[in-house]
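Residues in the sequence shown are numbered consecutively from 307, following our numbering.
We treat Cβ as the ideally placed atom computed from N, Cα and C, and that holds for glycine.
Treat the numbers as computed from the prediction; the structure is a model and nothing was measured.
Working notes, structure below.
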Amino acid sequence: MRQERFKMEREGLVEEGQEVEISERSPSTGRYTYLVEPSVAMSGIYRTNERIKARKGRIARIEHTQKGFYLVVEVEG
């Protein structure tokens, strides 16, 4: 199990413990970004060897910082 962080613009869209779908965006640059669907939160940029292969995850916690809200999502592998 690994944990990944996603930026969320508004609170209240999801809850801790909720299972979520993750979709992959891949332009031709060999870099990948991920969305918690339906467009709830977005990941940073990942290189090919860092890709998130799981398409489902569970929200471990929601963090509120000065920069906004972040989801910490547990995914397989």
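Residues near residue i by beta carbon distance below 6 Å, same chain, minus five either side
{"i": "L341", "result": "S329 and M348"}
{"i": "R364", "result": "E325 and E380"}
{"i": "K359", "result": "G383"}
Paired residues, beta bridge with residue i - DSSP
{"i": "A347", "result": "M314 and V342"}
{"i": "T371", "result": "G374"}
{"i": "I365", "result": "V379"}
Member of the options whose CA lies at the smallest distance from the CA of residue i
{"i": "M343", "options": "R337, M314, H370 and S332", "result": "Looking at the sequence shown, residue 343 is not Met but Glu. Nearest option by C-alpha distance: M314."}
{"i": "Y376", "options": "Y338, S332 and G318", "result": "G318"}
{"i": "F312", "options": "Y338, S334 and V346", "result": "V346"}
{"i": "S334", "options": "E321, E327, R353 and R316", "result": "R353"}
Cβ neighbours of residue i in the same chain (closer than 7 Å, five flanking residues each side left out)
{"i": "R367", "result": "E322 and V378"}
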